[in-house]
Structures are given as C-alpha cells and as structure tokens.
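Numbering (the numbering used here), first residue to last: 42 to 325.
C-beta atoms are modelled at their ideal positions from N, C-alpha and C, and glycine is treated no differently.
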Amino acid sequence: MKERRILNTFRALDTSDGAGVRLKRALGHNPAVRLDPFLMLDAFSSDNPDDYVAGFPAHPHRGFETVTYLVEGHMKHRDHLGNEGDLKQGGVQWMTAGRGIIHEEMPQQQDGLLRGFQLWINLPAAEKMKPAGYRDITDTEMPRLDLPGGGQVKAVAGEVTLNGETITAPVVGGSTDPLYLDVKLRGGESLTVPVKSGYNALLYLFEGSLTVNGETLRLEHTGTLSDGDRVTLAAGKDGARLLLLAGKPIGEPVAQYGPFVMNTQEEVEQALRDYRAGTLAEPA
Numbered sequence: 042m043k044e045r046r047i048l049n050t051f052r053a054l055d056t057s058d059g060a061g062v063r064l065k066r067a068l069g070h071n072p073a074v075r076l077d078p079f080l081m082l083d084a085f086s087s088d089n090p091d092d093y094v095a096g097f098p099a100h101p102h103r104g105f106e107t108v109t110y111l112v113e114g115h116m117k118h119r120d121h122l123g124n125e126g127d128l129k130q131g132g133v134q135w136m137t138a139g140r141g142i143i144h145e146e147m148p149q150q151q152d153g154l155l156r157g158f159q160l161w162i163n164l165p166a167a168e169k170m171k172p173a174g175y176r177d178i179t180d181t182e183m184p185r186l187d188l189p190g191g192g193q194v195k196a197v198a199g200e201v202t203l204n205g206e207t208i209t210a211p212v213v214g215g216s217t218d219p220l221y222l223d224v225k226l227r228g229g230e231s232l233t234v235p236v237k238s239g240y241n242a243l244l245y246l247f248e249g250s251l252t253v254n255g256e257t258l259r260l261e262h263t264g265t266l267s268d269g270d271r272v273t274l275a276a277g278k279d280g281a282r283l284l285l286l287a288g289k290p291i292g293e294p295v296a297q298y299g300p301f302v303m304n305t306q307e308e309v310e311q312a313l314r315d316y317r318a319g320t321l322a323e324p325a
C-alpha cells in the first residue's frame, strides 16, 4: 500500500468563457497545466444571474469529452441535430464530442443559486473521430455512500470501495477509466480513498479546509497527487467538500486550439476547415 501525497497546488484562476460567463479555471489555464487525460476543469458558482445569463451560445467541439456536473441550478442545452434537454440540479451531462458537435448551454438558477463544474477529458487518437453522443444522468442515478462520521461520497463516474462497501457510478470504464467523486466530510472527519496505481489524480477543494497526508490544500485550489494506490483526506474543523478525479493517462501528444483537441496541428487545422465548411459533424 502506497499513500499518495500532494505534488503541486495552484489556485483556480478567475476567468470568463462563452458570452461572458464568470468562472474559475481549476485546471487547464495553459498547456502546461493539464493532467493526462484531463484537459480542463472549470468551476462556476453565483447567486447573480448577470454572471452567467448570456450562457454559452452555439459553439463546436471535436476530439474529447465534456462532463458537466450541476451541484445547484439547472442548464438548458441543445445541439445542431435538434437534440434538446434540461440538465437538472445534481445531474450530469456526459457529452462525447468525437468527430464533432455544435451545441449551446444556457445556465439557469434554482432557488437563487447556480453552482457546478465542467470537466474536459481527452480521447485517444483511435476515438477522436467517432460519432458524437450525449448521456444525461439524473441525480438519483448516481450512488452515494454515507460515511460513519456524517460525511458522504457521491460517485459521478467509476467505481470505488470504501469501508468495505462498493459503489458504482452509471459511467464506468472506457479508455481513460475515469474516477469522479464528490466528497463531503464533516468537521474533523477523515477518509481513505483507493485510487488505482499508475492513474493520474487530482483534488479540487471548493468548501472548507483539507489536509492530504498531513499537507494542507487551500480553498479553491487544485492539488495534483503523486502515484500510489490510496489517498487519505482529513477535513478541518468546518468540514470540507471536494472533487476527487483520477484517470488512466493516454500518453499521446495533444494539439489544441480552443474547442478542438487533436494529436497534431494538421488535425486541428482540418477541424477548423471542416467547421468553416459546415462539415465538422458530418460522417467521415
């Protein structure tokens, strides 16, 4: 058994995206701040509609997956194929852009609040041009495990065994085999989470205070973890809430231009040509 520790930490940067949506970029500020297979993690939280009312008008993607997790609020979405939906509070939209998709997302408050995350997960070269697809997962479809100290773990993706009990999320496996946990700990509570050896892993703390193997992770900071097969989390006196992400690295070159993530610059330029020609999402 090898305990993981914090390797690097960095503060989530205030930025904006879409039509001026205010958010914090917790991962992916620049190409040097990625963690294969994770390309980007954005956190958004506001009780002011002006921060996000303009939303994310129609925009393209190719070559990766987006995972939108709404802790509070809801989000209307639609794409160029006529698919429409309304992602509800606590739910997840798992979108595989594959060869290409053009969609829009419009965040909405619920009870005066909007809070959530969007994660970008890379696809290997063999899967970058597969057909696009959506999967909307409701809050009630995602399993939870109540902890002895009063905390709770919610499995958004992957499978994990805690205190002898296994919980399995609706999305499991795939080429990057992601683990995505929403972890709530009460004040002074600790938890050891198994994480597959060889997988890259990170934490993002969005409530309270936390130590990891004795090292402090500050609020609204991302901590990348060393290799190992488990990580021990200990909440401060006011508790903690965090995302724990882990995934199997792809180990391929990454060429990115905005919403296009490919392996070579030529492939990115082809994506741009396809988008301008209106053929981005057409079958090969």
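At the C-beta level, F105 and K169 come within 9 Å of one another. A Cβ-Cβ separation of about 16 Å leaves Y175 out of contact with V197 under the 8 Å criterion. Counting along the chain, Y240 sits inside no beta strand (DSSP E), nor does DSSP assign it H or E at all. Of the residues I178, L160, D223, I162, the one whose Cα lies closest to the Cα of R185 is D223. In the structure shown, the three-state DSSP call for V309 is helix. For R45, there is no enclosing beta strand (DSSP E), as DSSP marks it with neither H nor E.
Beta-bridge analysis with DSSP links E168 to no other residue. One alpha carbon belongs to N163, the other to H144, and they sit about 18 Å apart.
Segment contact: the region 288-303 against the region 63-79, three or more CB-CB distances shorter than 8 Å; contact assigned.
By a beta-carbon distance limit of 8 Å, T273 contacts V253. Their separation comes to about 7 Å.
Distance between A276 and P172, taken at the CA atoms: about 42 Å.
The beta-carbon separation of D279 and G239, rounded to 34 Å, does not stay under the 8 Å limit for a contact.
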